[in-house]
Amino acid sequence: MQPHLIIVSGLSGAGKSTALRALEDLGFYCVDNLPIALLPALAEELKRSPSRAAAPAAVGIDARNVSDLTAFPAIIETLRGGGMDCQVLFFTADRQSLINRFNETRRQHPLAVQGGSVSEAIDAEQMRLAPIAELADRSIDSSGLNIYQLRATVRDLLSHGQHTPRLVFQSFGYKFGTPLDADLVFDMRCLPNPHWDPALREFTGLDDPVREFLASQADVQQMFADIRQFLSTWLPRFAASDRSQLTVAIGCTGGRHRSVYMATRLGEHFKDQRDSSQPDQVLVRHRQLPA
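Heads up: the sequence shown at position 44 corresponds to 1062 in the numbering used here, and the numbers run straight through without jumps.
The structure is reproduced here in structure tokens:
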């Protein structure tokens, strides 16, 4: 598999930084404003590193780049010739949208000289970034888009509309408090409790004796089916709201048996539904068990 690198550039205020954050949420390794002269070295490091070779990377480049941007076409040709799959995204917007954004945020344009207008800075920036804009595989006009719409545009462009939030299933014990970062909480305390069986008490929901006991209980299986169906139904709505992660907390009294079993089973089910090349998109954590 070729290492995949996306170059993200564009006019100041057009959404480059927002795009990089969206890419980071999609699992990209992101570097902002890297001097373009260092792109070949980054590409070699990505190819050498086992932990990065299979992961896509994104680099933000703007008009403040300390390298000579006229060298960009030659550098991209070198990267592609060396086996790097490169894609160039260029973000732009109409002049009035850019001016309005700088006025609303009260930020100074990075190329605005003392006393110069934003419009003059936009002209200078367009000239400086021309070597990148001319090579763009995709030019994205953010005029009229808010930050959420822009993030959705980037997400859909790169994931073909298939993005779903990372799922984190976390078991916990109610007597230790509900997790503060939970988005959804499901209570297992109404289910049969292995704690009251002396033969099962010292085991956890990860151990076969407890798993077999709970798997034999009709109420446990009904609870699993109901939560599974609820999440399957509503995950697309969470994805549509541009959420990057959904933490599902599963609680029981002590956080060792029922909640551990249920969080593990749900994690196993949803891992089977996801792309096997992205194992970190479904995580299971047990707060009350030793790491």
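Beta carbons are placed, not taken as given, at the ideal position from N, Cα and C, and that holds for glycine.
With respect to the C-alpha of E1063, the residue from M1102, S1035 and E1138 having the closest C-alpha is M1102. DSSP places V1136 within a helical segment (H, G or I) once states are collapsed to three.
In this structure, L1153 sits away from S1160, with a CB-CB distance that is not shorter than 7 Å. A check of alpha carbon separations from G1078 across T1088, V1106, A1092 and P1091 identifies V1106 as the nearest. Distances from the CA of L1044 to each of A1059, I1024 and V1203 were compared; the closest alpha carbon is that of I1024.
The beta carbon of L1038 sits closer than 7 Å to the beta carbons of V1026, C1048, D1050, A1076 and G1078 from its chain, once the five residues preceding and following it are set aside; these are given in chain order. Secondary structure of Q1263 (DSSP, three-state): strand. With 16 or more other Cβ atoms from the protein chains shown falling within 10 Å of its own Cβ, C1104 counts as buried. Burial check for M1206: the Cβ neighbour count within 10 Å reaches 16 or more, so the residue is buried. The beta carbons of G1099 and A1061 sit about 11 Å from each other, so the pair does not count as a contact at 8 Å.
Residue pairing by DSSP places D1080 in no beta bridge whatsoever. Non-local C-beta neighbours of A1040 in its own chain, meaning closer than 7 Å and more than five positions away in sequence, comprise R1169, V1172 and R1173, ordered along the chain. Taken in chain order, the whole alpha helix (DSSP H) runs of length 4 or more contained in the region 1210-1248 are 1226-1233. Of A1059, A1236 and R1124, the smallest CA-CA separation from I1093 is found for A1059. Residue range F1090 to G1099 is occupied by the alpha helix (DSSP H) that includes I1093, with no beta strand (DSSP E) assigned at that position. In the DSSP assignment, I1025 falls within the unbroken beta strand (DSSP E) covering H1022 to G1028. Here E1042 is exposed. Its C-beta has fewer than 16 other C-beta atoms within 10 Å. The C-beta of M1280 has 16 or more other C-beta atoms within 10 Å across all chains shown, which makes the residue buried. Assignment of beta-bridge partners to Q1105 by DSSP yields I1024.
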